[in-house]
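Asks: Just passing along the structure, written as structure tokens.
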Amino acid sequence: MEIVEKAQAMLERYPLCDNCLGRQFAFLGYGVDNAERGRTLKTMLAMKGHQLALQKSEEGVLLLKVLAENGSFPMAVEILKKLRRRPKKSKKCFLCEGCFESLPIHVAKASEKLRDYEYETFLVGAKVPPEVEEKEDEFKAQFEVQHGENFRNELSRVFGKMFQEKTGKTVDYLNPHVVVLINPFAGDVRLQVNPLFIMGRYVKLVRGIPQSKWFCPKCRGKGCGECNHTGRLHPESVEELIAGPTIELTLGETASFHGAGREDADARMLGKGRPFIIQVKRPRKRWINLNELRREINRRAEGKIKVSSLKIVGKEMIRTLKRMEASQKTYRVTVRFDREISDDEIANLQRSLTDVKVLQQTPLRVLRRRADKTREKHIYETVVKRISPNSVEMKIRCQGGLYVKELVTGDGGRTKPNVSKIVDAKAEPVELDVLGVSVKGG
Ligand SMILES: [Zn+2]
Ligand SMILES: [Zn+2]
2 MEIVEKAQAM LERYPLCDNC LGRQFAFLGY GVDNAERGRT LKTMLAMKGH
52 QLALQKSEEG VLLLKVLAEN GSFPMAVEIL KKLRRRPKKS KKCFLCEGCF
102 ESLPIHVAKA SEKLRDYEYE TFLVGAKVPP EVEEKEDEFK AQFEVQHGEN
152 FRNELSRVFG KMFQEKTGKT VDYLNPHVVV LINPFAGDVR LQVNPLFIMG
202 RYVKLVRGIP QSKWFCPKCR GKGCGECNHT GRLHPESVEE LIAGPTIELT
252 LGETASFHGA GREDADARML GKGRPFIIQV KRPRKRWINL NELRREINRR
302 AEGKIKVSSL KIVGKEMIRT LKRMEASQKT YRVTVRFDRE ISDDEIANLQ
352 RSLTDVKVLQ QTPLRVLRRR ADKTREKHIY ETVVKRISPN SVEMKIRCQG
402 GLYVKELVTG DGGRTKPNVS KIVDAKAEPV ELDVLGVSVK GG
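All the letters of the sequence shown, read from the start, carry residue numbers 2 to 443 under our numbering.
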């Protein structure tokens with residue numbers, strides 16, 4: 002069947018708007034949209050009807066009436082009026098139920114909802130009820146449509162174009178700031194505001210601050226006698242010290258914290274600091290002044306933590322950050338023995354813990370949160386210095402993820418080799434600091 006005849010057959014059976022008619026021929030011709038394809042076909046049919054009507058053929062009048070009623074086509078209405086024939090009332094589109102006509106309302110709704118958000122890029126996700134898609138499939142089968150486009154595809158494209166014209170924002174398929182989810186059949190417009198990721202490094206200058214919020218293990222945050230009814234084991238955390246000002250400045254809802262590994266609450270984190278990413282949920286502001294944020298975090302957390310090198314990153318950096326956990330770390334730990342130790346023993350300890358492989362079964366103290374397995378970690382170098390007759394300071398450069406406290410105590414033989422075994426004396430870690438977290442390429 003010829004294109005125009007096929008279009009006529011479709012319109013004789015079903016009311017179709019310009020988009021829905023044009024969509025059935027979407028892959029024919031370039032540089033025009035489906036609405037224009039539909040209008041062109043209707044124009045040709047109206048001309049055909051007009052010609053037949055002028056030849057006094059009732060067939061022509063019938064075609065014009067079809068175009069007026071099923072095509073909602075103004076030109077056909079005009080011709081019928083000129084011919085002194087009564088045009089029929091137009092019907093709602095069989096396929097889209099008039100949803101293309103209602104799109105401007107949804108565009109306005111979406112841009113209104115986004116008024117308070119800073120964003121530059123967007124993506125549209127259109128939802129179409131399954132019965133509508135089924136109807137479209139049956140229609141395509143009935144008329145043997147071969148060059149038609151998918152309904153949902155057209156819907157999101159047309160919406161996207163209108164939205165772009167109204168707001169001046171650009172489409173981004175990979176990392177959009179916002180996703181506009183529309184379901185014109187339900188009159189529904191929802192927003193998915195994608196998170197903002199800020200990366201940086203932190204140093205922790207004092208002991209006693211955990212990296213993340215630490216709830217009381219007894220009441221699990223509800224508050225009990227054990228935790229002085231705070232629900233917390235520690236009143237503050239690195240996470241909260243960073244998240245507070247970040248949420249205030251970005252006007253986000255919540256924030257989650259990702260660290261390249263973590264130090265114990267009682268260990269300091271020194272040197273250049275540990276890389277982290279703070280992820281802000283539904284931020285209203287994206288173009289924040291990072292210098293201002295850094296100053297504000299550091300001012301409020303003065304003497305406790307300090308952040309540096311803040312930058313906006315993509316969400317894929319989270320994975321990179323998690324991989325950094327396995328990078329090199331340098332620890333400083335002071336160790337006290339239950340007896341005096343000799344210079345020879347110190348030299349032997351240093352030798353034994355340089356360029357050595359450590360087999361470490363999950364420490365008893367973290368066994369509740371981590372799987373029980375043996376990990377292999379490498380120590381690149383250990384430097385041991387005496388502090389007093391029965392205590393030393395050790396600087397250990399090793400693979401990330403080594404449990405240093407257990408390296409000292411031996412953890413009942415779960416860590417091999419260990420300081421206690423090498424010296425053959427009870428060894429106890431007194432103070433632990435992380436001096437450096439080095440990251441490949443960062
Ligand atoms: Zn339609
Ligand atoms: Zn409690």
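Positions of the beta carbon are idealized from the N, C-alpha and C atoms, including for glycine. Here the structure is a predicted model, which means the values were calculated and not measured.
Around the Cβ of Gly413, are there at least 16 other Cβ atoms within 10 angstroms (buried) or fewer (exposed)?
Replies: Within the sequence shown, residue 413 is the residue found at index 412, counting from 1. It counts as exposed.
Asks: Would you tell me roughly how many angstroms separate the C-alpha atoms of Leu242 and Ala302, rounded to the nearest one?
Replies: One-based indexing of the sequence shown puts residue 242 at position 241. One-based indexing of the sequence shown puts residue 302 at position 301. Each residue's alpha carbon lies about 6 Å from the other.
Asks: Mind pulling the alpha helix (DSSP H) runs of 4 or more residues that sit fully within the region 180-268?
Replies: Listed in chain order, they are 239-251.
Asks: Please write down, chain order preserved, every residue whose beta carbon lies under 6 Å from a heavy atom of ligand 2.
Replies: Ordered along the chain, the selected set is Cys217, Lys219, Cys220, Gly224, Cys225, Glu227, Cys228 and Gly232.
Asks: Taking 8 Å as the cut-off, is the C-beta of Asn20 nearer than that to any heavy atom in ligand 1?
Replies: Here residue 20 refers to the residue found at position 19 of the sequence shown. Checking the Cβ of Asn20 against ligand 1 gives yes.
Asks: Between the alpha carbons of Pro211 and Gly260, how many angstroms are there, rounded?
Replies: Residue mapping note: residue 211 aligns to position 210 of the sequence shown, counting from 1. Residue mapping note: residue 260 aligns to position 259 of the sequence shown, counting from 1. If you take the alpha carbons of Pro211 and Gly260, they lie about 12 Å apart.
Asks: For Ser104, verify whether its CB is less than 8 Å away from any heavy atom of ligand 1.
Replies: Numbered from 1 along the sequence shown, position 103 holds the residue referred to as residue 104. Just to set this straight, residue 104 is Leu in the shown sequence, not Ser. Checking the Cβ of Leu104 against ligand 1 gives no.
Asks: CA-CA distance, Val424 and Met325?
Replies: Position 423 of the sequence shown, counted from the first residue, corresponds to residue 424. Position 324 of the sequence shown, counted from the first residue, corresponds to residue 325. Their backbone Cα atoms lie some 33 Å apart in a straight line.
Asks: Helix, strand or coil: how does DSSP classify Leu68 here?
Replies: The residue given as residue 68 occupies position 67 in the sequence shown. Helix.
Asks: Suppose only complete runs of 4+ residues qualify. What are the alpha helix (DSSP H) ranges in the region 98-132, listed by chain order?
Replies: Correct list: 100-114.
Asks: Tell me, please, which residues DSSP counts as bridged to Cys399.
Replies: One-based indexing of the sequence shown puts residue 399 at position 398. Paired residue(s): Lys330 and Ile380.
Asks: Can you tell me where the beta strand (DSSP E) with Leu436 in it begins and where it stops?
Replies: Here residue 436 is taken as the residue at index 435 of the sequence shown, counted from 1. Leu436 -> beta strand (DSSP E) spans Ala428 to Val438.
Asks: Could you give the DSSP three-state label for Phe140: helix, strand or coil?
Replies: For this step, residue 140 is matched to residue 139 along the sequence shown. In the structure shown, Phe140 sits in a helix (DSSP, three-state: H, G or I).
Asks: Work out the CA separation of Gly253 and Tyr118 for me, nearest whole Å.
Replies: Translated into the one-based positions of the sequence shown, residue 118 becomes position 117. Translated into the one-based positions of the sequence shown, residue 253 becomes position 252. Distance between the alpha carbons of Tyr118 and Gly253 is about 10 Å.
Asks: Would you list the one or two residues that DSSP bridges to Val336?
Replies: Locating residue 336 in the sequence shown gives position 335, where the first residue counts as 1. Paired residues: Val393 and Pro430.
Asks: Is Leu96 near ligand 1, with its Cβ less than 8 Å from a heavy atom?
Replies: Taking the first residue of the sequence shown as 1, we reach residue 96 at position 95. Correct: Leu96 has its Cβ closer than 8 Å to ligand 1.
Asks: Quick one: give me the first and last residue of the beta strand (DSSP E) that Leu96 is part of.
Replies: Indexing the sequence shown from 1 puts residue 96 at position 95. Element bounds for Leu96: n/a, residue is neither H nor E.
Asks: State buried or exposed for Ser343, treating a residue as buried only when at least 16 other CB atoms are found within 10 Å of its CB.
Replies: As a working note, residue 343 is residue 342 in the sequence shown. Ser343 comes out exposed.
Asks: Determine the direct distance from the alpha carbon of Leu197 to that of Gly442, and round the result to whole angstroms.
Replies: Within the sequence shown, residue 442 is the residue found at index 441, counting from 1. Within the sequence shown, residue 197 is the residue found at index 196, counting from 1. Confidence at Gly442 is low in this model, with a pLDDT of 44, below 50, so the placement of that residue is unreliable and no value is reported for it.
Asks: According to DSSP, what are the bridge partners of Pro276?
Replies: Counting from one through the sequence shown, the residue named residue 276 turns up at place 275. Its beta-bridge partners are Arg202.
Asks: Applying the criterion that 16 or more other CB atoms from any shown protein chain within 10 Å of the CB defines a buried residue, is Ile388 buried or exposed?
Replies: In the sequence shown, counting from the first residue as 1, residue 388 sits at position 387. Looking at its Cβ environment, which holds fewer than 16 other Cβ atoms inside 10 Å, Ile388 is exposed.
Asks: Can you list, in chain order, the residues of its chain whose CB lies under 6 Å from that of Gly272, leaving out five sequence neighbours each side?
Replies: Here the question's residue 272 lines up with position 271 in the sequence shown. Contacts found: Leu436 and Gly437.
Asks: Nearest to Pro418 by CA position, among Lys305, His230, Ala256 and Gln351, is which residue?
Replies: In the sequence shown, residue 418 corresponds to position 417, counting from 1. When only C-alpha atoms are compared, the closest one is Gln351.
Asks: Have a look at Arg337, Val334, Val281 and Pro276 and flag the residue whose alpha-carbon is nearest the alpha-carbon of Ser1.
Replies: No information on residue 1 is available, as it lies outside the stretch 2 to 443 that the chain covers here.
Asks: Rounded to a whole number of angstroms, what is the C-alpha to C-alpha distance between Lys386 and Ala256?
Replies: Within the sequence shown, numbered from 1, the residue matching residue 386 stands at position 385. Within the sequence shown, numbered from 1, the residue matching residue 256 stands at position 255. Between Lys386 and Ala256, the C-alpha separation is close to 42 Å.
Asks: Look up Thr168 in the DSSP assignment and say whether it is helix, strand or coil.
Replies: To locate residue 168, count along the sequence shown from 1; it is residue 167. Helix, per DSSP.
Asks: Just the C-alpha distance for Lys427 and Phe338, rounded to the nearest angstrom, thanks.
Replies: In the sequence shown, residue 427 corresponds to position 426, counting from 1. In the sequence shown, residue 338 corresponds to position 337, counting from 1. Roughly 6 Å between the two C-alpha positions.
Asks: Less than 8 Å separating the Cβ of Leu68 from some heavy atom of ligand 1?
Replies: By one-based count along the sequence shown, residue 68 stands at place 67. No, ligand 1 has no heavy atom inside 8 Å of this Cβ.
Asks: Please go through the same chain and pick out, in chain order, the residues whose beta-carbon is closer than 6 Å to the beta-carbon of Lys1, but skip the five residues on each side of it.
Replies: Lying outside 2 to 443, the shown extent of the chain, residue 1 is not represented and no answer is given.
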